[in-house]
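Undergrad: I have a structure here, written as C-alpha cells, and I will follow up with some questions on it.
Residue numbers (mature numbering (1 follows the signal peptide of the UniProt record, and there is no 0)): -20 to -1, 1 to 1200.
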C-alpha cells in the first residue's frame, strides 16, 4: 500500500471548480489542466473525431477535446469507480463499466446517467457496442488476487437495458469483447489464454483459440471484420497474433516480446504495439513487417493504452503516469498533451498560527505560501529524490523534508534517503542529515524547535538534534516498515505506526519499548479476497494518555496506550490515509479513499461532520484552531474554515512553476493574471480560454481575502447566471494577408455589441460599431485602418473580440494575419524613445506628502537608459524626455505637459522601442490605478473632477501608450501614501485594485509592465540607498548585477526579473515595500533589448552606496521623565540636516522620521542640568551593538549640546547599522 499511495500522490486526478452558473445554453465551470492520477488503460475516439475518451486505474473516465487537449467531462461510477469506458455507436453516449459490476450509460451532452445495466457480480473489464447500435456486450472478471467470480460475457439490449444472453466458459477475467461485422456473434479474449467466438442467437461457443501464453491483454477487429488481432502481455514470447475472425485460426505473429497495449489503424493496414520500456512499434498487418519504432515518446515510460487518429497520422498514447499525449506517427514528435500540467502533492505542513503553508510538489519541489498576504513566497528544488514527508517548525521559520522513493518500481540507482533542513523564509538549505536506509515517510518538529523526529521504511524512528545536525536517538530496527511517527505532548514518549497495523510506543529517555498496540492485520473484500491493513497515521491525545491510530480498514481507534487497551473505534467508511487532531484536543479530522473530510468528536462514537469538495482520495491533513488544510490526489490543496466547514480556497501548482488559487464561486488568482494559464472554462462541451471571463472573476489577492475573512466571497455564481455568451466572429475565406478582412459576427445568445481589435497584442480599435444584416452583423476590417500598427517586415497577428449586447463578455477570440504593402528596408534604424516622470513636490500639499527621491530617480533612470540606449541604437537615435519636479517650468510634471510628452511618442515607428518610467505617488480608487500629478493638493481623489484634471489613470496610460512601436515597457516605482507615522509592518502585495488595473493596461497596450510599490510614504523612502528600492534594483542591474546577453546587451525581461528578485531580497530591510509585479504582453511577447552596456559604460551608471538608516531620536529629562527642554525635536532636526550632507551632498547616513525600522539605528537618552551645565547621555543602538555618547554645554545654550550629539550620533551610526 505504501507504493500505491506514493504513486497517486505524484500524479493527479482532474479537479474542476464548479461554478453553479447558468447561461442560455449550459452550465459553466472553471477547470484546470490536471488529468488522470492512475495508469491510463483505455483510449478511444468519438465518431465525430472531436472527442477522446479515456479511462484509468484512478476510477474515472474522461472526455477530452481533441483540438485543445482539455478535459470537458468526467464520468465516475459510485461506489467503486470506473473500470472501463467506451463510446456508444453514434458517439452521443458513453458506456462505463464499474468495479461494482454495473454498466452505466451516460449522455455526453449533459453528462447525466441515462441507463443502468445490472447483472455482473465482478468488475466489468471490457465493453463493445454493435455496429447497428442496438446491442452492447460486456466482459467481466475479478481483479488480481480476488477469487474467480463471474468470468462471463453478456449481451444487452440498449433500448430496454435487459440482458439477452450470457456466455459462460472462460475461467478468468474477460479482457476484451467485440461484435462481429454482421453483429451475429461476439468475440472475447481472456487472461485464461483463450480467444472465443460466441453465437448470439444460439448462445453457444462456436470457435476457440488457445495459447500457451495465458496473458492475453486484448483483442481488436479489422474494419471489414475478416480478421482479428490478439495482444499478449506478461512474460511470454509473442507480441501480437493475427487470427481469422470466423475460425480463429492463426494467420501470423508480429513481434516477440510482451506488450502493454496495442491498437489497429482505422484502415487496418497498420497496428501499433507499446512496450513497458517506452517504445511503440508500428507493424504492417498484411506482411508482418516492422515499419517504424517510436522510442520513448515525450520521454515517458510505460505506455498503457493507444488510439489512432481517424486519418492514421497521430497516435494517442496513455501512460502509467496518468499522462496522455498525441504523437506524430512518422516523426514521434509530441503534438499535444492532454491535461497533466498540475503537480501532485506529496506532503503539506502548516505553521502553528496557520499563516504559513508549505507543500511538497511533484516530488522534488517545495512551495511556500503566506496565506495572510496571499503570496507564494518561495519555490525551490528539494533534492535528488522525491520528498516523501515535510514538516514546519511551529513559528514557521524552518522546514524539514524527508526524501526517498517509496515505490520500488520507480527507483533508479542509489536512493537519497536524507533529512534536509531549510529556511522557510528564503528557501536556503541549512543542513543535510543522512542515516536512514530507506524512505523517510514522516517527519515532525518537536515543540522546542531544536529537535526532529522521523519515521522510515527502513523500520526505524529517529530523533535528530538540529543544531548539531546529527542523530541523537534511534527506535525500532525490527525490519518492519514504519509509516508514521508521533511525540507525546511532554515529548517523553515516541510512537511509530507499522505496515502491519500496529503502533509501537517507546520511552524517549530510555529507549525502552513500552507498548505494542496491534490492530487487525487484514480484512475480506466483497469478493472474499484478503486485503492487508496498514496504519497510516497516529497522534497522542493532549494529555498524552491516549493514542489515536488511523488505518486503511477505515477505523480510527482510540487506545489507552499504557495499559494496551482499545477504548473506542470510529468508523470512517473507507480506507483512512490522513489524520489530524484539532487544537481543542477533542476534534478528530480524518480523510482517505473517499474524497471527504470527516470531523468527529473523540468522546462520541458517531455523528461526524463532512467537508466535501475534493474529487479524489485525500492523502494529507493539517489543522489549526481556525483552519483545516487538505491535499489530495486531485492535485489540489484546499483550505477550510474549521468552524463552518466551508471551503475557502483551493491551490493548484503547475509543472511550469505557476500556481492558481480558486474559491468556490469561481473567482481566481494567478501570478500572471491568468495569461498563458493552465485554467480554462467549460460551457457544455465547449472549452473557453480563461480570458473570456477574466474581467469578472480575476481577483488579485484572493487567498489573503479568503484567509482574512473566512466568509463566502462575492456571489459570482449568481451574477454569471444572468450572463449569456458573447458572439462568434468568422473571417471571409480566400484572402491573403494583404487583403482587407470581411468579418461576420453571429449571436450566441447574448446579443451583439461592439468589436475590439488588437494588433500584436496592442489595443488599436475599441468599441467598434457593426453593420447589421438580416442574418448576422458584419464589419470590414481594412489594412488602411491598421496601417499605423502593422509590422512592415512580417505579417502581424490581429485578434478580434466581439462583445455581447451589454458589453460584459466577449466571444471566442478570432485571430488572423494582416500585412501592410508599403516600402520597408531592413536597414531602417530603430529608435529608442524614453519618457521619465518623477514627482517629488506637490505644489498644493505644503510639503505634507512631498517625496525625497522621486525626481532624482527619474533623472538617473533617464540618463542611464540614454547611456546604454545610445550605445545600442546609435547617436541621434535616442529621444529622452524628462518631466520631473525641480526642472524648468516647461518640464514640470503637470497633466498637460505629461500628456504632451506622450503625444510625442506617437511618432515612434513599429520597429522602435518605447520605455516609460513613473516615480511618485500611486493610488487606487474603485478598481483603477491613478498617478497624481504635481497639481494635487490632497491624496483624497474621491472627487471625479480632481481625478480627471490632476491624475493620470491606468486606462489613460494604456491609451496613451498605444503607439505604433511593438516593443514597449513601462515602469512604476510608486508610493501608496499610507498614513504618516504608522508603524511599519510585514511586506505586502500591491492592492488587488492596482494589480487588476495594471493587468488591464498590459492587455490594452500590449506592453511589459514592472510595478513596484510601498504601502506608505515612510517605507517608500526608507531606503539605505537614498532612492526608491525598485529604482535602486534596476540601476544595480544596469551596472552589471543582472545577466546581460554576451555580457553587454540588456533585455527588458531579464532586467525586470532581476529587479523583482532583488527587491524581494532587500524588502525585509524596508518592511512595507511590496513585491514587484512583472507583466509580459500576451501576444508576440518575446523580450527585446533596451541598452548595450560594456564595462566602461556600466561604471557610469549612477551609484548610491548603502548607508546607515537613523530613525527619530528620543530625549527625556532624567528627573521629570519628560522632555522639558524640547530636545527631541531639536535633535531630530539636527539629524535631518546632517542627512543632507556636505556641500556636494555626501552624508554618512539616511534619516527617517519614524520611531523604528528594521535594520535602523536609534538614539535615545537622558539629560540633566546642574551648576549651569547641561549634560546629555545618549545610547546609540544597532541590531547587534550599541555605543554610549555624552555631550555637555552651558545650560543657556542647549543647541550646542544638540549639535555635538548629532555629530557624534552620525559618526557612530555606520558602524552600528545592520548592513546585512
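Beta carbons are placed, not taken as given, at the ideal position from N, Cα and C, and that holds for glycine. All values derive from a computational prediction rather than experimental measurement.
For the ligand FAD, I want to know if residue 277 counts as a neighbour, meaning its beta carbon is within less than 7 angstroms of at least one of the ligand's heavy atoms.
TA: This structure simply doesn't include the ligand FAD, nor any ligand for that matter.
Undergrad: Do you know offhand how far residue 1146's Cα is from residue 1134's?
TA: Position 1166 of the chain shown holds residue 1146. Position 1154 of the chain shown holds residue 1134. So the alpha carbons of these two residues sit roughly 20 angstroms apart.
Undergrad: Give the range of the beta strand (DSSP E) segment to which residue 590 is assigned.
TA: Within the chain shown, numbered from 1, the residue matching residue 590 stands at position 610. Per DSSP, residue 590 belongs to the beta strand (DSSP E) from 589 to 592.
Undergrad: Going straight from the alpha carbon of residue 922 to that of residue 908, what length do you get?
TA: Within the chain shown, numbered from 1, the residue matching residue 922 stands at position 942. Within the chain shown, numbered from 1, the residue matching residue 908 stands at position 928. If I take the Cα positions, the gap works out to 12 angstroms.
Undergrad: Near residue 885, which residues of its chain fall below 7 angstroms by C-beta distance, leaving aside the five closest residues on each side in sequence?
TA: Your numbering for residue 885 matches position 905 in the chain shown. So the list reads 813, 815, 894 and 943, once near-sequence residues are dropped.
Undergrad: Helix, strand or coil for residue 283, going by three-state DSSP, please let me know.
TA: Numbered from 1 along the chain shown, position 303 holds the residue referred to as residue 283. Here residue 283 sits in strand by DSSP.
Undergrad: Between residue 988 and residue 280, what straight-line distance do the alpha-carbon atoms span, to the nearest angstrom?
TA: As a working note, residue 988 is residue 1008 in the chain shown. As a working note, residue 280 is residue 300 in the chain shown. One C-alpha to the other measures close to 36 angstroms.
Undergrad: Looking at the strands, I want to know which residues DSSP matches up with residue 861.
TA: Within the chain shown, residue 861 is the residue found at index 881, counting from 1. The partner list for residue 861 (beta bridge, DSSP) reads 815.
Undergrad: Could you tell me the alpha carbon to alpha carbon distance between residue 1257 and residue 832, rounded to whole angstroms?
TA: Examination of residue 1257 is not possible in this model, given that the chain is present from -20 through 1200 alone.
Undergrad: Once the 5 residues before and after residue 604 are set aside, which same chain residues still bring their CB inside 6 angstroms of it?
TA: Along the chain shown, one-based indexing puts residue 604 at 624. Result list for residue 604: 334, in chain order.
Undergrad: Taking 8 angstroms as the threshold (C-beta atoms), are residue 1159 and residue 1151 in contact?
TA: The residue labelled residue 1151 in the question sits at position 1171 within the chain shown. The residue labelled residue 1159 in the question sits at position 1179 within the chain shown. Not a contact, by the Cβ cut-off of 8 angstroms.
Undergrad: How big is the Cα-Cα spacing for residue 492 and residue 486?
TA: Position 512 of the chain shown, counted from the start, is the residue given in the question as residue 492. Position 506 of the chain shown, counted from the start, is the residue given in the question as residue 486. One C-alpha to the other measures close to 5 angstroms.
Undergrad: I need the straight-line Cα distance from residue 513 to residue 551, nearest angstrom please.
TA: On the chain shown, position 533 is the one that residue 513 refers to. On the chain shown, position 571 is the one that residue 551 refers to. Each residue's Cα considered, the two are about 14 angstroms apart.
Undergrad: Going by DSSP in three states, residue 87 sits in which element: helix, strand or coil?
TA: Here residue 87 refers to the residue found at position 107 of the chain shown. Residue state, collapsed to three classes: strand.
Undergrad: Quick check on this structure: which residue in 791, 496, 460 and 1086 has the alpha carbon closest to the alpha carbon of residue 710?
TA: Counting from one through the chain shown, the residue named residue 710 turns up at place 730. Ranking the options by Cα distance to residue 710, first place goes to 791.
Undergrad: Hey, how far is the Cα of residue 1181 from the Cα of residue 1148?
TA: By one-based count along the chain shown, residue 1181 stands at place 1201. By one-based count along the chain shown, residue 1148 stands at place 1168. Distance between the alpha carbons of residue 1181 and residue 1148: 12 angstroms.
Undergrad: Do you know offhand how far residue 855's Cα is from residue 617's?
TA: For the purposes of this step, residue 855 is identified with residue 875 of the chain shown, where counting begins at 1. For the purposes of this step, residue 617 is identified with residue 637 of the chain shown, where counting begins at 1. Those two C-alpha atoms are separated by around 55 angstroms.
Undergrad: Please classify residue -12: is it buried, with 16 or more other beta-carbons within 10 angstroms of its beta-carbon, or exposed?
TA: Residue numbering aside, residue -12 sits at position 9 when the chain shown is read from its first letter. Low per-residue confidence applies at residue -12: pLDDT is 41, beneath 50, and the placement is therefore not dependable, though the value from the model is reported in the following sentence. Classification for residue -12: buried.
Undergrad: Buried or exposed: which applies to residue 761, given that a residue is buried once 16 or more other Cβ atoms fall within 10 Å of its Cβ?
TA: Taking the chain shown and counting its residues from 1, the one referred to as residue 761 is at position 781. Residue 761 is buried by the Cβ-count criterion.
Undergrad: Could you tell me how far apart the beta carbons of residue 432 and residue 399 are, in whole angstroms, since I believe they sit closer than 8 angstroms?
TA: Locating residue 432 in the chain shown gives position 452, where the first residue counts as 1. Locating residue 399 in the chain shown gives position 419, where the first residue counts as 1. Indeed, because the Cβ distance is near 7 angstroms, the residues count as touching under 8 angstroms.
Undergrad: Less than 6 angstroms between C-beta atoms, sequence neighbours within five positions excluded: which residues of the same chain meet that for residue 963?
TA: One-based indexing of the chain shown puts residue 963 at position 983. Note that residue 963 has pLDDT 26, beneath the 50 cutoff, so the model's placement of it is unreliable and the number below is only indicative. Here the set comprises nothing.
Undergrad: What does a CB cutoff of less than 7 angstroms around residue 1010 pick up in its chain, not counting 5 residues either side in sequence?
TA: Along the chain shown, read from residue 1 onward, the residue named residue 1010 stands at position 1030. Closer than 7 angstroms at Cβ, skipping near neighbours: 953, 992, 1039, 1043 and 1056.
Undergrad: Leaving aside the five residues before and after residue 706 along the sequence, list all residues of the same chain whose C-beta is less than 7 angstroms from its C-beta, in chain order.
TA: On the chain shown, position 726 is the one that residue 706 refers to. Answer for residue 706: 728, 730, 782, 783, 784, 789, 790 and 791, listed in chain order.
Undergrad: Just to confirm the assignment, what range does the alpha helix (DSSP H) spanning residue 150 have?
TA: As a working mapping, residue 150 is identified with position 170 in the chain shown. It is not in any alpha helix (DSSP H) - residue 150 carries neither H nor E in the DSSP assignment.
Undergrad: What are the uninterrupted segments assigned as alpha helix (DSSP H) that are 4 or more residues long and contained completely in the segment 815 to 857, given in chain order?
TA: You should have 834 to 853.
Undergrad: Let me know if residue 547 comes out buried or exposed under the rule of 16 or more other beta-carbons within 10 Å of its beta-carbon.
TA: Start at 1 with the first residue of the chain shown, and residue 547 comes out as number 567. By the neighbour-count rule (16 or more Cβ atoms within 10 Å), residue 547 is not buried but exposed.
Undergrad: With a 10 Å radius around its C-beta and 16 neighbouring C-beta atoms as the bar for buried, classify residue 1197 as buried or exposed.
TA: For the purposes of this step, residue 1197 is identified with residue 1217 of the chain shown, where counting begins at 1. Residue 1197 should be labelled buried.
Undergrad: Under the three-state reduction of DSSP, which class applies to residue 1071: helix, strand or coil?
TA: Residue numbering aside, residue 1071 sits at position 1091 when the chain shown is read from its first letter. DSSP places residue 1071 in strand when its eight states are reduced to three.
Undergrad: Ordered along the chain, which non-local residues of its own chain (more than five positions away) have a Cβ less than 6 angstroms from that of residue 300?
TA: If you number the chain shown from 1, residue 300 lands on position 320. Contacts found: 19, 282 and 284.
Undergrad: For the alpha helix (DSSP H) holding residue 1012, just list the boundary residues, first then last.
TA: Taking the chain shown and counting its residues from 1, the one referred to as residue 1012 is at position 1032. First-last of the alpha helix (DSSP H) with residue 1012: 1009 to 1016.
Undergrad: Beta-carbon separation of residue 209 and residue 251 under 8 angstroms?
TA: As a working mapping, residue 209 is identified with position 229 in the chain shown. As a working mapping, residue 251 is identified with position 271 in the chain shown. Yes. Within cutoff.
Undergrad: Does DSSP classify residue 718 as helix, strand or coil?
TA: The count along the chain shown starts at 1 and reaches residue 718 at position 738. Reduced to three states, the DSSP call for residue 718 is coil.
Undergrad: Please confirm whether residue 419 and residue 397 have their CB atoms less than 8 angstroms apart.
TA: Within the chain shown, the letter at position 439 stands for residue 419. Within the chain shown, the letter at position 417 stands for residue 397. Yes, the Cβ-Cβ distance between residue 419 and residue 397 is below 8 angstroms.
Undergrad: Roughly how many whole angstroms lie between the Cα atoms of residue 32 and residue 45?
TA: What you label residue 32 is simply residue 52 of the chain shown in a count that begins at 1. What you label residue 45 is simply residue 65 of the chain shown in a count that begins at 1. Answer to the nearest angstrom: the Cα atoms are 7 angstroms apart.
Undergrad: Would the beta-carbon of residue 462 fall within 8 angstroms of that of residue 490?
TA: Residue mapping note: residue 462 aligns to position 482 of the chain shown, counting from 1. Residue mapping note: residue 490 aligns to position 510 of the chain shown, counting from 1. No, the pair does not count as a contact, with Cβ atoms beyond the cut-off.
Undergrad: Thinking C-beta only, is residue 341 closer than 8 angstroms to residue 609?
TA: Residue numbering aside, residue 609 sits at position 629 when the chain shown is read from its first letter. Residue numbering aside, residue 341 sits at position 361 when the chain shown is read from its first letter. Against a cut-off of 8 angstroms, the Cβ pair of residue 341 and residue 609 comes out as no contact.
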